[in-house]
Amino acid sequence: YNAATAHRLDNVGALTDGYVADLVIIDSLDDFNIKKVMISGQWYVEPETTVLPLANQSLNFTLTVDDLKLPINDKKPAHVIEIMPHHITTTHLVEDVPSQEGLFVADKTYAKIVVAERYHNLGHGVGIIKGFQMTDGAIASTIAHDSHNII
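Residue numbers (my numbering): 251 to 401.
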């Protein structure tokens, strides 16, 4: 299950014949030097070309593990963003959510969502999302139409 499946984008989300591919090929996980880039199935950047200085200029923030903690009042319901399957819209809910020692704890129903403000280090938002269908790991995206912050 991935974002393409969730939004019924039938020609993306997999590396297979007939799908549109966006790829970044690197030399190793240790060095992470970009060797080739493919966008929409077409090779875009020649080997040994790098765009890292531009990326470094657009990431003006620090983020620590403590920044990702979400305090919860165990006696009150919390505000939750609910994803609507196969839609780009969301719903606002107020529900009891799992917590431990006063902090939100993700489970199979609820996940954590973080918006990291990337330009001026003005702070980050942490919330709860329901219906994401991802129980382990993390993903990140800068495709947030209004701000291009990191979600």
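For every residue, glycine included, the Cβ atom is placed at its ideal position computed from N, Cα and C.
The C-beta distance from residue 273 to residue 288 rounds to 4 Å, short enough to fall under 8 Å. Taken in chain order, the complete beta strand (DSSP E) segments of 3 or more residues contained in the stretch 331 to 369 are 340 to 345, 360 to 366.
Rounded to whole angstroms, residue 269 and residue 386 show a C-alpha spacing of 26 Å. Counting along the chain, residue 255 sits inside the alpha helix (DSSP H) bounded by residues 253 to 256.
Of all C-beta pairs linking the stretch 355 to 363 to the stretch 277 to 287, fewer than three are shorter than 8 Å, placing the two stretches out of contact. Taking residue 333 as the centre and dropping the five residues before and after it, the same chain places the C-beta of 256, 340, 379, 380, 381, 382 closer than 8 Å to its C-beta, in chain order.
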